[in-house]
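Accompanying notes for the structure given below.
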Ligand code: SF4
Ligand code: SF4
């Protein structure tokens, strides 16, 4: 019979930086939260995330007795600044499709358990952060993120992996609580540009930039375009401003070569003009929440970012995507972005385009012309 210590040692041997145990009791409080916020999470089923089923480990593995939680730091190497500027860090080295990194180590861990006669499951829908806190591995911040006790110097740059097993091991002492220093004046809540953080350790997921970038429907509402700033996919703002994360952010990290090698593929110009083949071969295997049928969302997000950059060098790109795209949402955002950047020639161009368009696209062109106002440069 394998011991608790042997399991912890094996976790460390495979590169997980902390390992804990909690019982497989249902997450009743989390279920209540999901019930209370049913409307805020009504999108989850549509993307194949059965959150309600995840609160009961026994429905994931009949006879479940324990959850082992492995703490994986996803930011223990530095990322190219251009990638960090536009993408949430937790998505930069995600191998859930390529299965060539973390997935292999999880597989090896499960094989170790199997060899010891232990059956396991690694579900996506179990509340893994709550499981980690219940195992005593860390606490929460008011930004609703999990802060590890030991990993990334107490920061939130970790991915807790919940492994449900069919054998009993003694659990850790739960630390399911918010533990922010009293002197932090809610920096994360103040910094959240879309007011997604409610201030009571709750988040409205549908207002979070991460959600809006990949699950948002239709053209991004006007009032969110500037607040969503420079993020194409994901958002790290409430983590970047958090004092609990500063010790790790101050650390000199070695470069993440895997991410550096693919960074050129994520250049804004290439993303704006990519075709399905490029998307499916270079982008989707790494960031897969949007499929080929929603490639317009990528382009719309990139156009928004270009507009928010106020960089005149993007004007030819925006004009090109306006002309080459058949999607009104992309055209509309390209027009908005041209208006944000502002240029005398853009005004003339937009007036010209207005003659040949109707509906949503025309509305966006007129809005863009309005916003050009005083900010046109020769
Ligand atoms: S990730 Fe961004 S949008 Fe979401 S809660 Fe944090 S700061 Fe707000
Ligand atoms: S910014 Fe302040 S309030 Fe928000 S999670 Fe960090 S310590 Fe807590």
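Residue numbers (my numbering): 26 to 403. For every residue, glycine included, the Cβ atom is placed at its ideal position computed from N, Cα and C.
Taking a 10 Å sphere around the C-beta of residue 279, we find fewer than 16 other C-beta atoms and assign the residue as exposed. Per DSSP, reduced to three states, the secondary structure at residue 313 is coil, with no helix or strand assignment. The three-state secondary structure of residue 181, taken from DSSP, is coil.
Inter-residue distance for residue 263 and residue 142 is about 42 Å (C-alpha atoms, whole angstroms).
Taking the Cβ of residue 211 as the reference point, at least one heavy atom of ligand 2 falls within a distance shorter than 7 Å. DSSP assignment within the stretch 41-125 yields the following whole alpha helix (DSSP H) runs of 4 residues or more, N-terminal first: 53-61, 76-79, 82-85 and 106-111.
Comparing C-alpha distances from residue 166 to each of 136, 224 and 132 shows the shortest one belongs to 224. Residue pairing by DSSP places residue 187 opposite 94 in a beta bridge. In the assembly as shown, residue 247 is an exposed residue. Its beta-carbon has fewer than 16 other beta-carbons within 10 Å. For residue 372, the closest C-alpha among the options 271, 381, 382 and 360 is that of 360.
In the same chain as residue 195, and ignoring 5 residues on each side of it, the C-beta atoms closer than 8 Å to its own belong to 29 and 46, in chain order. The three-state secondary structure of residue 280, taken from DSSP, is strand.
From the listed residues 94, 131 and 239, the smallest Cα separation to residue 72 is found for 239.
For residue 235, the enclosing alpha helix (DSSP H) has its first and last residue at 234-240.
Cβ neighbours of residue 353 within its own chain (closer than 6 Å, five residues either side excluded): 385 and 386.
In the DSSP assignment, residue 334 falls within the unbroken alpha helix (DSSP H) covering 320-334. The alpha-carbon separation between residue 237 and residue 275 amounts to approximately 29 Å. Secondary-structure assignment with DSSP links residue 145 through a beta bridge to 190. If you draw a straight line from the Cα of residue 307 to the Cα of residue 290, it is about 7 Å long.
Here the alpha carbons of residue 55 and residue 160 stand approximately 15 Å from one another. Of all alpha-carbon atoms in 69, 101, 26 and 31, the one lying nearest the alpha-carbon of residue 283 is that of 101. Contact check for residue 157 and residue 185: beta-carbon distance about 4 Å, within the 8 Å limit, so the pair qualifies.
For residue 350, there is no enclosing beta strand (DSSP E), as DSSP marks it with neither H nor E.
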